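Only one structure is covered here, and it is reproduced in the block below.
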């Protein structure tokens, strides 16, 4: 069975090939992203596999259906890049990887906190310049600080548990509170109270019409002065202009961003010898108290293996006519 795999990178090919070989799938890798200009490359493939920055619009989905595509496998958890209603109209099931490695992303979020707080990124460059001064490197104890977790699904839950281990007070906001976290001491509050009381805020929720720009000017105004903001969820959760203004005003003390609102034009590309086209991102990178990484929080050996295995298992189950536990429920 042939599968067209779009937006592929060297780091993931071997794990995908290993998983596919076990179940008899033939993978055809395309480095380009799937969009209206590249969709014809999928002609003749009964299955298409996509990643976070592929664009599955009405036009693309109609073309895929017309070319004989029967199923779309997402090798990620989110599906905000897919026109769900169009997928339903064209009878294209969406299969996703709901939990490839919650620990990978949660641990990375903690890494951003530690790096920003203790200025590890700045200290690293100083020492390389033979500058061994400590001026400007002061941080604060995480112990006894209040950490706000927005979204306590699988990743947010692991993150909350880690922060409890640091001795932090953890407050959370989620429409479906986790009973286990409550028993461990996490206090669920409304979003405004979380903004007002948290020293650190970490985002772990999907991007949809209800969460788009959940961090905007009004939300930031409610926050404590010098709050630390961490985003390993989706870039569109934060209104970029509001973040830049708050950083300039020193309202937000630091920000760790593994995702960015307009990342699809920049992330996973090399601009080291050219002009990076995003002015807002270029401005963010200039702040000494901002740490930007290129959507790498998921990137561990364990996560890549889980992504590959689940993606191929999803396709195998579909073509075998088995129940699909990882199918995206489109009708809403």
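Residue numbers (the numbering used here): 393 to 724. Yeah, the Cβ is synthetic: ideal placement off N, Cα and C, and Gly gets one too. None of these values were measured; they are calculated from a predicted model.
I'd like the list of long-range same chain contacts for residue 528, defined as Cβ closer than 8 Å, with 5 residues on each side in sequence excluded. 511 and 514
Beta-bridge partners of residue 590, as assigned by DSSP: According to DSSP, residue 590 bridges with nothing at all.
What ranges does the beta strand (DSSP E) occupy inside the stretch 682–709, keeping only unbroken runs of at least 3 residues that lie completely in it? 682–684
Thinking residue 420 and residue 397 are a contact (beta carbons under 8 Å), I'd like their distance in whole angstroms, please. 7 Å
How about the stretch 676–690 and the stretch 710–721: do they share at least three Cβ pairs that are nearer than 8 Å? no
Residue 714 versus residue 393: straight-line alpha-carbon distance, rounded: 16 Å
By alpha-carbon positions, which one of 634, 576, 501 and 654 ends up nearest to residue 593? 501
Taking C-alpha atoms, which residue in 473, 703 and 469 lies nearest to residue 491? 469
Under the three-state reduction of DSSP, which class applies to residue 394: helix, strand or coil? strand
Closer than 6 Å by C-beta to residue 625: which residues in its own chain qualify, once you throw out the five before and the five after it? Chain order, please. 595, 596 and 597
Just checking, does the stretch 530–550 make contact with the stretch 659–668 on the three C-beta pairs under 8 Å criterion? no
Would you mind working out which of 463, 704, 465 and 454 sits nearest residue 478, comparing C-alpha positions? 454
So which of 637, 509, 439 and 653 has the shortest CA-CA distance to residue 473? 653
Residue nearest to residue 457 in terms of C-alpha spacing, selected from 637, 471 and 480: 480
Is there at least one Cβ from chain C nearer than 9 Å to residue 400's Cβ? This model lacks chain C altogether, as it is built from one protein chain only.
Residue 620 in three-state terms, based on DSSP: strand
Is there contact between the stretch 700–709 and the stretch 399–415, where contact requires at least three CB pairs shorter than 8 Å? yes
Please state the DSSP three-state secondary structure of residue 639. helix
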